[in-house]
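Visitor:
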Amino acid sequence: MLTDEVLAADFELVKVAKKTSNLAGSTALMAIVDDARLIVANVGDSRGVMCDSKMNAIPLSFDHKPNQSREKNRIKEAGGFIAFHGVWRVAGILATSRALGDYPLKDKKFVIADPDILSFDLHYNKPKFLILASDGLWDTFSNEEAVAFIKDRLDEPNFGAKSLVLESYYRGSVDNITVLVIVFKDGKYTLGSSSVS
1 MLTDEVLAAD FELVKVAKKT SNLAGSTALM AIVDDARLIV ANVGDSRGVM CDSKMNAIPL
61 SFDHKPNQSR EKNRIKEAGG FIAFHGVWRV AGILATSRAL GDYPLKDKKF VIADPDILSF
121 DLHYNKPKFL ILASDGLWDT FSNEEAVAFI KDRLDEPNFG AKSLVLESYY RGSVDNITVL
181 VIVFKDGKYT LGSSSVS
């Protein structure tokens, strides 16, 4: 059902984009808490990471990059190609192989909006917090570095999200950076967020 909702949103976005000649697109990263389960869906290269009860960084998603075997094979089977221009790009243009929008590449099926969906048992993982962030953060931080950084800043407003955004910017990220930190405590969760373009 979540896949259907993501694809329906993409369909509507592409329909509007074609009318306005807007070639842009976006990644999507969703985290849904349903009783004792965490369901994470992603399209593109935004990424989710969980800090578990042992302070380990647990990946919640997989980046959709054109040079990954699964993505590269899918693109080639659709008649497309990837090329390196600073980073690997679909048709030499787009640095992610899945996105919402980006209709010129979507029409040819080089880029798709099908999400990967993963499920996690919250009783088993006992998360301390989650980090959901755009690729601007992950260009300058590893999963482990981001978890360690936030772990030391949970007492800050926004649970360290603003500090993480600023540190990524200072480290040289040239992309937009959006960070959402979700803290779990006593079976409840609280959000903190920050972004810079």
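When you line the sequence shown up against the UniProt record's numbering, it's residues 1 to 197, in that order.
Even glycine gets a Cβ: it sits at the ideal position worked out from N, Cα and C.
Residue 117 and residue 41: beta carbons closer than 9 Å?
Guide: Numbered from its first residue, the sequence shown carries residue 117 at position 117. Numbered from its first residue, the sequence shown carries residue 41 at position 41. Cβ atoms of residue 117 and residue 41: closer than 9 Å.
Visitor: Using CA coordinates, which residue listed in 153, 94, 80 is at the minimum distance from residue 86?
Guide: Against the sequence shown, residue 86 aligns to sequence position 86. Taking only the C-alpha atoms, the option nearest residue 86 is 94.
Visitor: Mind checking whether residue 74 and residue 59 have CB atoms under 9 Å apart?
Guide: The residue you call residue 74 lines up with position 74 of the sequence shown. The residue you call residue 59 lines up with position 59 of the sequence shown. No, they are not a contact pair.
Visitor: Could you check whether the region 27-46 touches the region 127-142, counting it as contact only if at least three pairs of C-beta atoms, one from each stretch, sit closer than 8 Å?
Guide: As far as the Cβ criterion goes, the region 27-46 touches the region 127-142, which means the pair count is three or higher.
Visitor: From 110, 171, 115, 119, pick the residue whose C-alpha is nearest to that of residue 92; which is it?
Guide: Counted from its first residue, the sequence shown places residue 92 at position 92. Selected option, being the one with the closest Cα: 110.
Visitor: Leaving out five residues on either side along the sequence, give the residues of the same chain with a beta carbon under 7 Å from the beta carbon of residue 184.
Guide: Here residue 184 refers to the residue found at position 184 when the sequence shown is read from its first residue. Same-chain partners within the cutoff: 127, 128, 129.
Visitor: For residue 50, which residues of its own chain have a beta-carbon under 6 Å away from its beta-carbon, when the five flanking residues on both sides are left out?
Guide: Here the question's residue 50 lines up with position 50 in the sequence shown. If we look at residue 50 and ignore the five residues flanking it on each side, its Cβ neighbours are 58, 60, 127, 130.
Visitor: If you draw a straight line from the alpha carbon of residue 165 to that of residue 81, how long is it in whole angstroms?
Guide: Counting from one through the sequence shown, the residue named residue 165 turns up at place 165. Counting from one through the sequence shown, the residue named residue 81 turns up at place 81. Rounded to the nearest angstrom, the two C-alpha atoms are 33 Å apart.
Visitor: Return the first residue and the last residue of the alpha helix (DSSP H) that residue 149 is part of.
Guide: Residue mapping note: residue 149 aligns to position 149 of the sequence shown, counting from 1. Per DSSP, residue 149 belongs to the alpha helix (DSSP H) from 143-151.
Visitor: Residue 138 to residue 174, Cα distance in whole Å?
Guide: Sequence index remark: in the sequence shown, residue 138 carries index 138 (1-based). Sequence index remark: in the sequence shown, residue 174 carries index 174 (1-based). Roughly 11 Å between the two C-alpha positions.
Visitor: Starting from residue 168, trace the beta strand (DSSP E) in both directions and tell me its first and last residue.
Guide: By one-based count along the sequence shown, residue 168 stands at place 168. Here residue 168 belongs to no beta strand (DSSP E); instead the alpha helix (DSSP H) covers 161-170.
Visitor: For the candidate residues 120, 169, 43, whose alpha-carbon lies nearest to that of residue 179?
Guide: Position 179 of the sequence shown, counted from the start, is the residue given in the question as residue 179. Nearest option by C-alpha distance: 169.
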